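Student: Have a look at the structure that comes next, please.
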Ligand SMILES: Nc1ncnc2c1ncn2[C@@H]1O[C@H](COP(=O)(O)OP(=O)(O)OP(=O)(O)O)[C@@H](O)[C@H]1O
Ligand SMILES: [Mg+2]
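In the numbering used here, the protein residues as written are 0 to 389.
Right, dumping it as structure tokens:
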């Protein structure tokens, strides 16, 4: 095998949950057809960084300056993730071909022609000594796509099977599904992918507001509540859930204001009693579970792989399992761990893989998933040394 047949890439992801930067070190062989996870680490965000990122989700005075400061701080947090991953796997910076870094989404408005992920990529390259592939979404948006989801192509490479249709459901802040029809791994023509709606984001926001802690560990608070069926029905009537894919969403759409609008509508209808805060949490958990189960029902896969932080919310997973089993009794469900990938590492690994696609000049998007008019090579490269290591 020539040296260029085996290369190391690092993927970095921080999503809508604004919890941490996840870093994964991947070994890619045969141009990314074979992958091996060598290290995966998570660097938690400080409360101050999290609050700044949350403040940037909506326009405010001084946001330009704050964006620049957050982009710089993210570079330092990401660099910590890179260093920890390299050290854990026993490598040095020179061994790594490139980093694929998602950055932090603060606006996602593909319909208006833009999506914005903050990251000072020049600083990340300078601090780590490794070239950085970044801004992976805008090329797809410029080509008329949603700029999301970008992970289905990677899911197809890793989780597809010749004999059966499979789905990968990532329950991050937003939940998304990749549908991988029976096909040889790597074949992507029939692959579908889209955001099903809120994953953990509403659960986290409502829990933090009422319980103080950033998330409902194990889903214990939700499990002690009762889903309010009228409220659930009103939430499920949201236009997003009825729009056909390709589609993507974010905290712009699903946030506490959205929850409060639904609660106020109930308050205005005098006949209905206001649900307790805990029952609202149970309702939001059911909302995430139902929208995931409906997406699975439509795809009718033989097997579903679950990943993302939501897999650690036992209440949510119990609801998802109950609803999918009711709709698809034959369908087997497990986390991606059973396929050898840590559930918290899948998204970051996808960005390592996308970095390899960029370096090799290969397309990273799937137009069927994003709605773009064609395949595009995604991302810009911050490479202050002017050459890439092979
Ligand atoms: N032990 C746990 N119990 C309940 N929920 C958990 C637990 N651990 C993680 N979570 C949930 O997972 C979330 C983090 O998930 P994850 O990092 O996959 O989301 P994300 O950062 O939005 O990522 P992405 O956008 O890439 O999908 C937390 O905010 C929390 O809601
Ligand atoms: Mg996260």
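Where a beta carbon is used, it is the ideal one built from N, C-alpha and C, also for glycine.
Note that the structure is a prediction, hence the values are computed from the model and not measured.
#1: Note down the Cα distance separating residue 312 from residue 59, rounded to an integer number of angstroms.
#2: How many angstroms separate the CA atom of residue 208 from the CA atom of residue 308?
#3: Check whether the Cβ atoms of residue 332 and residue 310 lie closer than 8 Å to each other.
#4: Taking the continuous beta strand (DSSP E) assigned at residue 283, which residues delimit it?
#5: Count the other CB atoms, across all protein chains shown, that sit within 10 Å of the CB of residue 384; report buried if there are 16 or more and exposed otherwise.
#6: Going by DSSP in three states, residue 197 sits in which element: helix, strand or coil?
#7: Using only the alpha-carbon positions, how far apart do residue 371 and residue 99 sit?
#8: For residue 145, I'd like the list of residues in its chain whose CB is within less than 6 Å of its CB, leaving aside the five on either flank, ordered along the chain.
#9: Could you pull the DSSP bridge partners for residue 133 from this structure?
#10: Around the C-beta of residue 387, are 16 or more other C-beta atoms found within 10 angstroms, so that it is buried, or is it exposed?
#11: May I ask you to report which of helix, strand or coil DSSP gives residue 322?
#12: Spell out the partners DSSP gives residue 332 in its beta bridges.
#13: What are the start and end residues of the beta strand (DSSP E) that includes residue 23?
#14: For residue 192, collect the residues of the same chain with a Cβ closer than 6 Å to its Cβ; drop the 5 residues on either side in sequence, then sort them by chain order.
#15: Hey, how far is the Cα of residue 279 from the Cα of residue 215?
#16: Using 8 Å as the cut-off, can you tell me whether the stretch 337 to 357 makes contact with the stretch 15 to 32, which would need three or more C-beta pairs spanning the two stretches below that distance?
#17: With a 10 Å radius around its C-beta and 16 neighbouring C-beta atoms as the bar for buried, classify residue 365 as buried or exposed.
#18: Helix, strand or coil: which one does DSSP assign to residue 166?
#19: Mind checking residue 285: buried by the 16 CB within 10 Å criterion, or exposed?
#20: Can you list, in chain order, the residues of its chain with a C-beta nearer than 8 Å to that of residue 251? Leave out the 5 residues immediately preceding and following it.
#21: Kindly identify the DSSP beta-bridge partner or partners of residue 42.
Tutor: Let me spell this out:
#1: Between residue 312 and residue 59, the C-alpha separation is close to 33 Å.
#2: About 20 Å.
#3: Against a cut-off of 8 Å, the Cβ pair of residue 310 and residue 332 comes out as no contact.
#4: Here residue 283 belongs to no beta strand (DSSP E); instead the alpha helix (DSSP H) covers 276 to 298.
#5: By the neighbour-count rule (16 or more Cβ atoms within 10 Å), residue 384 is not buried but exposed.
#6: Look at residue 197 here: in three-state DSSP terms it is strand.
#7: Here the alpha carbon of residue 371 sits roughly 21 Å from the alpha carbon of residue 99.
#8: Hits under 6 Å: 109, 245, 247, 369 and 370.
#9: Residue 133 pairs with 379.
#10: Classification for residue 387: exposed.
#11: Here residue 322 carries a helix assignment [DSSP, helix/strand/coil].
#12: Beta-bridge partners of residue 332 (DSSP): 303.
#13: Membership of residue 23 in the beta strand (DSSP E) is indicated by the continuous run 19 to 28.
#14: Excluding positions up to five away in sequence, the list reads 148, 151, 177 and 368.
#15: In this model, residue 279 and residue 215 are separated by some 13 Å (Cα to Cα).
#16: Yes, the stretch 337 to 357 touches the stretch 15 to 32.
#17: If you draw a 10 Å sphere on the C-beta of residue 365, you find 16 or more other C-beta atoms in it, and that means buried.
#18: Strand.
#19: Buried, because 16 or more other Cβ atoms sit within 10 Å of the Cβ of residue 285.
#20: Result list for residue 251: 56, 106, 107 and 108, in chain order.
#21: The partner list for residue 42 (beta bridge, DSSP) reads 20.
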